[in-house]
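Chemist: Before anything else, here's the structure in question.
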Amino acid sequence: MSVEAKVRGYILENFLFTDDQSALDGSVSLLENGTMDSTGVLEVINFLEEEFGISVADEEMIPENLESVDNIVAFVARKKG
Amino acid sequence: MGKNIKLTEAVLEFDKDKEIEKITTRLRDILRQDLKRRGLVVAISGGIDSSVSSALCVKAMGQERVYGLLLPETDSSSETFEKGKAMVETLGIEYEVHNIAPTLETLGCYKWRDDAIKTVFPEYGEGWKNKIIISGGVDGQFNHFMLVVQQPDGKVLQERLGLKEYLQIVAATNYKQRVRKTIEYFHADRLNYAVVGTPNRLEHDQGFFVKNGDGSADVKPIAHLYKTQVYALARHLGLPDMVCNARPTTDTYSMPQGQDEFYFALPYEQMDIALWSLNHGIVAAELAAFLGITEKQAQFIYNDIEAKRRTTKYLHAKGVLVEAVPEVMA
Chain A
0 MSVEAKVRGY ILENFLFTDD QSALDGSVSL LENGTMDSTG VLEVINFLEE
50 EFGISVADEE MIPENLESVD NIVAFVARKK G
Chain B
0 MGKNIKLTEA VLEFDKDKEI EKITTRLRDI LRQDLKRRGL VVAISGGIDS
50 SVSSALCVKA MGQERVYGLL LPETDSSSET FEKGKAMVET LGIEYEVHNI
100 APTLETLGCY KWRDDAIKTV FPEYGEGWKN KIIISGGVDG QFNHFMLVVQ
150 QPDGKVLQER LGLKEYLQIV AATNYKQRVR KTIEYFHADR LNYAVVGTPN
200 RLEHDQGFFV KNGDGSADVK PIAHLYKTQV YALARHLGLP DMVCNARPTT
250 DTYSMPQGQD EFYFALPYEQ MDIALWSLNH GIVAAELAAF LGITEKQAQF
300 IYNDIEAKRR TTKYLHAKGV LVEAVPEVMA
């Protein structure tokens, strides 16, 4: 399964309680649309660290890396690359 | 933006006598018209907010209709307790001291907390101290939390907390505020009094309270006042110097912990100004010039205030109904 599929699956299941792929637009800010608050961000970081074996540094905990599916996928790719 | 409102040193100045008159009149009206209770129960930590609130309660209702509670536990500082005691004695109200440590012990508060700490610092144990500090928001990062521990020899260690450990430590320490509230309501029920909540505006706005703990109350007399204004009222009301001059702490963790370390991005004087500025449409550049910080930092502070409002919206919410029950007023 691709990184994107795993991230999408996690957010759909854990935040939106659905498997309907159309419920999640990868480009939309999950903070601005109210899906995720700062505790939710910590949950996502926990997921990324466990699922992909990466370590998220303090200075990487910024919206540019974590606020949308597209940003998260790109961030994981950079970390793994 | 701005709408001709200027940020100056004077923005938080106010007519203190008029404010006292307003609050005390409203307190009597609220008790008479809304709550139908005969007096007020207030837990006094010794901090500025509960001290000013209790003084206002006495001004509103008289000494005979205010019941004070001092509710220390293992991690409370003796200094704070002394301030609380000085307050109830100054006010001349009836009060009770109830040490909640045995109750917390029975509930497992300390054990749950320490178990979480030990997953980060396995050696943690007898003689160690702890606290949590917030990090990130003022630097444009998402807020996250650091666990700080002090070894018996004084050495201080610090690690970023994982989500599970953070949530467990906070959940465990929240027992403290919730047990206190249970005791407050016991006395309110037996006396037919109402319970006073003592948040200031910063705390109320930014969700710095425990749901069904210190956030729970029948009336909150100073929730509209900035912390700077609460200090000003304390001095105006002639409260003891040891109360008026104290810096705000959480008094919840065993290491000394300022509220700004635990939750707010800045010391309260600057947080007040930032919150006032955001509320009055002051642009980040003007706030930055006033506080002597960069525009980017000021914008991060604005973003942080708004992020905390979003994250803590749930704390303010009542139980949500699936369908409205219009016959029962909210």
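These protein sequence lines are chains A and B, in that order. Here the first sequence stands for residues 0 to 80, where the numbers follow numbering that gives the first Met the number 0. Here the second sequence stands for residues 0 to 329, where the numbers follow numbering that gives the first Met the number 0. All C-beta atoms, glycine included, are put in the ideal place defined by N, C-alpha and C.
Is the Cβ of residue 118/B closer than 8 Å to any Cβ of chain A?
Modeler: Within the second sequence, numbered from 1, the residue matching residue 118/B stands at position 119. No, residue 118/B does not count as interfacial toward chain A.
Chemist: State the DSSP-derived secondary structure class of residue 8/B, mapped to helix, strand or coil.
Modeler: Taking the second sequence and counting its residues from 1, the one referred to as residue 8/B is at position 9. Three-state DSSP puts residue 8/B in coil, outside helix and strand.
Chemist: In angstroms with no decimal places, state the Cα-to-Cα distance between residue 6/B and residue 305/B.
Modeler: Taking the first residue of the second sequence as position 1, residue 6/B is located at position 7. Taking the first residue of the second sequence as position 1, residue 305/B is located at position 306. When rounded, the distance between both Cα atoms is 20 Å.
Chemist: Let's see if you can read the secondary structure: which residues bound the alpha helix (DSSP H) around residue 143/B?
Modeler: The count along the second sequence starts at 1 and reaches residue 143/B at position 144. Counting along the chain, residue 143/B falls outside any alpha helix (DSSP H), though it belongs to the beta strand (DSSP E) covering 143-149.
Chemist: Would you check if there are 3 or more beta carbon pairs closer than 8 Å linking the stretch 147-159 of chain B to the stretch 120-139 of chain B?
Modeler: yes
Chemist: Give me, in chain order, the residues of the same chain whose beta-carbon lies closer than 6 Å to that of residue 171/B; leave out the 5 immediate sequence neighbours on both sides.
Modeler: Here residue 171/B corresponds to residue number 172 of the second sequence, with the count starting at 1. Closer than 6 Å at Cβ, skipping near neighbours: 108, 111, 112.
Chemist: Bridge partners for residue 94/B per DSSP, in chain order?
Modeler: Your numbering for residue 94/B matches position 95 in the second sequence. According to DSSP, which records beta bridges pairwise, residue 94/B is partnered with 67/B.
Chemist: Starting from residue 205/B, trace the alpha helix (DSSP H) both ways and give me its first and last residue.
Modeler: Taking the second sequence and counting its residues from 1, one reaches residue 205/B at position 206. Under the DSSP assignment, residue 205/B falls in the alpha helix (DSSP H) whose first and last residues are 200-205.
Chemist: Determine contact between the stretch 263-271 of chain B and the stretch 183-203 of chain B, defined as no fewer than three beta-carbon pairs at a distance below 8 Å.
Modeler: Cβ pair count under 8 Å is three or more, so yes.
Chemist: Along chain A, which residues have their Cβ under 8 Å away from the Cβ of residue 177/B?
Modeler: Here residue 177/B corresponds to residue number 178 of the second sequence, with the count starting at 1. Residues of chain A with a Cβ closer than 8 Å to the Cβ of residue 177/B do not exist; the shortest Cβ-Cβ separation is about 19 Å.
Chemist: Out of 315/B, 195/B, 238/B, 226/B, which has the shortest C-alpha to C-alpha gap to residue 37/B?
Modeler: Locating residue 37/B in the second sequence gives position 38, where the first residue counts as 1. Taking each of 315/B, 195/B, 238/B, 226/B in turn and checking the Cα distance to residue 37/B, the smallest one comes out for 195/B.
Chemist: With a cut-off of 8 Å, do at least 3 Cβ pairs link the stretch 23-31 of chain A to the stretch 67-77 of chain A?
Modeler: yes
Chemist: Any residues in the stretch 306-325 of chain B with a beta carbon nearer than 9 Å to a beta carbon of chain A? Which ones, in chain order?
Modeler: Residues 306, 307, 309, 310, 311, 312, 313.
Chemist: Provide the residue span of the beta strand (DSSP E) that contains residue 40/B, from first to last.
Modeler: Along the second sequence, read from residue 1 onward, the residue named residue 40/B stands at position 41. Per DSSP, residue 40/B belongs to the beta strand (DSSP E) from 39-42.
Chemist: Residues in its own chain within less than 6 Å of residue 207/B by CB, not counting five upstream and five downstream?
Modeler: Working through the second sequence from its first residue, we reach residue 207/B at position 208. Counting only Cβ-Cβ distances below 6 Å, and skipping sequence neighbours, we find 262.
Chemist: Look up residue 7/A in the DSSP assignment and give the residues it is bridged to.
Modeler: In the first sequence, the residue the question calls residue 7/A occupies position 8. According to DSSP, which records beta bridges pairwise, residue 7/A is partnered with nothing at all.
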